[in-house]
């Protein structure tokens, strides 16, 4: 969740005159880091996952499952655990954590939602295949430790979105009424926000900067008894406490949609994110680009959030909800009014899909960056003058069109070019589906990294491990074979939209590259060269055809499991299998990895369900479901209990488990 | 120069060395079973070499000389001709280099010693290294079968031992850090072990239906500290018929070889250990004109 700097945060009105200064300093810090670290070489593969949990509190008397707001207390309890202290500590924000070899303690972090907890492995995983087998046990251990430090009626659940966040009445423990001064939401209280000053400030400043509350409309799933047309009945039109109460009178809530109006609806969702260290800056740029087209595919395959604000919706994923939940663009920036105070018309939220590729690989063609993006040209010039190349300078100049949202007065007074606080202020509030991460300044140990951010958290650690491992194996396969997944970036954005549709994993098709192998050059001068490059053709390499001929629409099953025929797309799984056949793998590791890859295979071909489908079916077949799209507290209670059972592993082998991991 | 003009080379050469070059970025063929991967990448490598030659000649950039896809030196023919060795991109210590040597059926046992050294030398030269981390020996008559408990004949054990001696020598010469075997079940392994001075570190098995490894093998491997690795290679890696039909595709060039018989195949991989990236993978194969073998 970015930096948790302490200090006095400025309101949006106070921060506004300083935004150019923060950005300029951010660029100076970036340039400083880049100059120091651009020659960093031969860093080993280290990687880690981040898993987010909802902390649920049961009320057994009323058979209700609510969100517990005890994040801070749970973290304190974790920090005070004597055994965990002996193992080096596990809450970096509250104690000095000193990882000890051999007894890695996972680390726990606060998140935006006061009902959330984030956990990461205590130390990064290593680069061997055997290390992959430690992922699932590590995830399970985290869940057990988290649970041990919760109250008896509380439990961590890895569900992407809490189905009843924002319903009328009680959904938190303890109850707070909605409509506080920070979010000004009709539905959620300010008390769901992590009270660390950064988070309320972020919430308020996004709202202030935007000039209205955020506006999230997700299509309702029309069931047999759902009112048609559907007008979200939970919306109050007659409040006059804040100026933003007028939003709904001005049409903020769209017909046929579930309407949400606060950052918490998005940033309260749980994700599964993976970060890798690359060997050098160039490999990091390659991985950033090559994983980029995989973002939407993995979003659809990991789909786990069909319910928002107590309603079944017609989407399966959280992504667009978060995107809208942190959309700080003004009306001018959204193109609704002519530019007057603002500099740019910006087509996307700060939280959105990537809009520009950054690698200089021979396989890249300029046509792939087919979207004109806004750039902060004066700052870009500084980067270029400092020696940075065009594609990378463009990437950062694009991130730096955004304003800093949380400015601490202390950090304005104390500028240190050898820090990265100003840079990270912009960088870490650009939530794109990939993140390119320079080494933190002054720390030689850490290299250039890439974060894969689109996946939804899965109900079980088996699935979370499988998705993480799949991505790691895919990166090794990409690097070994020199694979090329480039498609025009506008198609990646289109795929991201497609991924949200109900059951997109089986019902929709996605743009994907047909020919992913590098062209082999007839190069007899010694070193093998392989490239898909170059504008002009050299002997043995075919002429570059039109970009449109390089990709087509494929189902996720085809992308993962391959198309038939000798020229069909071979499938990512057979590419990974082939990689595994090229390296030394011991029998146990190979068999375990097969289990994880099998999950991806079966999810893709429809043998096993996504969590989104499973949740949907659970609700629609519940005896208390009235076929009206509403998820009442009884259904929710049973659903959360089932999710807990699956997540803790207790469900293994039961009918419940088979429901998720058995042929539909 | 047309390929046909080179047919003047001697058909009496004692050996033909085939090489694929680095195939890791070679595209689709890497998805195939090892036998097809080998044939297809040989075909590709020959084609690439001849295309490059023709282009060079057409450009007039160099004076016509013997095409580089074909080289006859010291009574050995190289197909394609040798080029600068690829070498490694980084420090030797970063790599895990594995070599798998396939002894082929019908080849006199007494030649295995020389074949082993030859094959390894080609790999060492290509990668520009003085040793490999693991050499796995694959015998033609040995294939792992979970159901197979039959006792190997004394003759078979003697033959394995004979070849194994060479591996031990290479280990003592520091050219091989670890010795591996392919497809040895528990029965075979326990017969061979008493004859070894340096224990094998690896037994590489093809677990088709993953995870069904017989208990005796697991126990024996654990007791003897032998690591069980997986592979997906084809035992019949290079049938001579396949090689001959490859040569017939370009009979103008290779017609004078007559029929050839494959003698050995070696597969090598160089993996950057800390990053799990395969940097180099390729094959060499040696064949003899049928008349001279």
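Residue numbers (UniProt numbering), protein chains in the order written: chain A, 1 to 664; chain B, 1 to 293.
C-beta atoms are modelled at their ideal positions from N, C-alpha and C, and glycine is treated no differently.
Threshold first: 3 residues or longer. Then list the beta strand (DSSP E) segments lying entirely within the region 34-89 of chain A, N to C.
47-59 and 64-68
For residue 150(A), does the three-state DSSP call read helix, strand or coil?
coil
Does the beta-carbon distance from residue 266(B) to residue 129(B) come in below 8 Å?
No, these two residues do not count as a Cβ contact at 8 Å.
Against chain A, with Cβ distances strictly below 8 Å, would residue 281(B) count as a contact?
It does; some Cβ of chain A falls within 8 Å.
For the candidate residues 569(A), 11(A), 379(A) and 22(A), whose alpha-carbon lies nearest to that of residue 414(A)?
22(A)
Rounding to the nearest angstrom, what Cα-Cα distance links residue 625(A) and residue 304(A) in this structure?
20 Å
Just the C-alpha distance for residue 522(A) and residue 44(B), rounded to the nearest angstrom, thanks.
In this prediction, residue 522(A) has a pLDDT of 43, which is less than 50 and means its spatial position is unreliable; what the coordinates show is noted afterwards. One C-alpha to the other measures close to 9 Å.
Let's test the definition: count the other Cβ atoms within 10 Å of the Cβ of residue 495(A) and tell me whether it reaches 16, buried, or not, exposed.
buried
Could you name the residues of the region 232-259 of chain B whose beta carbon sits closer than 9 Å to any beta carbon of chain A, in the order they occur along the chain?
232 and 233
8 Å is my cut-off, CB to CB: does residue 581(A) come that close to chain B?
yes
In its own chain, which residues sit with a C-beta less than 7 Å from the C-beta of residue 427(A), not counting the 5 before and 5 after it?
399
Looking at the unbroken beta strand (DSSP E) that takes in residue 650(A), where does it start and where does it end?
That residue, residue 650(A), is in no beta strand (DSSP E); it is neither H nor E in DSSP.
For residue 378(A), which of helix, strand or coil comes out of DSSP?
helix
Grouping DSSP H, G and I as helix and E and B as strand, with all else coil, what is residue 19(B)?
strand
The region 502-510 of chain A contacting the region 545-557 of chain A, beta-carbon criterion three pairs below 8 Å
Yes, they touch.
DSSP bridge partner residues for residue 308(A) (one or two, in chain order)
311(A)
Give me the Cα-Cα distance between residue 8(A) and residue 661(A), rounded to the nearest whole angstrom.
50 Å
Would you list the one or two residues that DSSP bridges to residue 283(A)?
In DSSP, residue 283(A) forms no bridge with anything.
Since residue 87(A) contacts residue 119(A) with CB under 8 Å, what's their CB separation in whole angstroms?
With a Cβ gap of about 14 Å, residue 87(A) and residue 119(A) do not count as contacting.
Beta-carbon spacing of residue 321(A), residue 269(A) below 8 Å:
yes
Nearest-angstrom Cα distance between residue 239(A) and residue 492(A)?
41 Å
Under 8 Å by beta carbon: chain A residues contacting residue 275(B)
44, 45, 127, 279, 476 and 479
Given that residue 271(B) touches chain A, what residues does it touch there, using C-beta distances under 7 Å?
583
When Cβ atoms are compared, which residues of the region 22-34 of chain B fall closer than 7 Å to chain A?
22, 24, 25, 26, 27, 28, 30 and 31
Output the boundary residues of the alpha helix (DSSP H) element that contains residue 461(A).
Residue 461(A) -> alpha helix (DSSP H) spans 461-481.
Cβ pair residue 103(B), residue 144(B) closer than 8 Å
no
For a cutoff of 8 Å on Cβ pairs, would you count residue 96(B) as touching chain A?
yes
Stretch pair the region 561-571 of chain A + the region 455-468 of chain A: three plus CB contacts closer than 8 Å
Touching, no, given that fewer than three Cβ pairs across the two stretches are closer than 8 Å.
Mind listing the chain A neighbours of residue 228(B)? Cutoff is C-beta to C-beta under 7 Å, in chain order.
586 and 587
Alpha-carbon to alpha-carbon, residue 193(B) and residue 650(A):
45 Å
Contacts of residue 207(B) in chain A (Cβ-Cβ under 9 Å):
587, 590 and 591
Just to confirm before moving on: does the CB-CB distance between residue 429(A) and residue 392(A) stay below 8 Å?
no
Can the beta-carbon of residue 243(B) be found closer than 8 Å to that of residue 586(A)?
no
Does the beta-carbon distance from residue 666(A) to residue 313(A) come in below 8 Å?
It is not possible to answer for residue 666(A), since the shown part of chain A is limited to 1 through 664.
Whose Cβ in chain A lies nearer than 8 Å to the Cβ of residue 183(B)?
Within chain A, no residue comes near residue 183(B); the closest Cβ sits about 13 Å away, beyond 8 Å.
Any beta carbon from chain B within less than 8 Å of residue 661(A)'s own beta carbon?
Not an interface residue.
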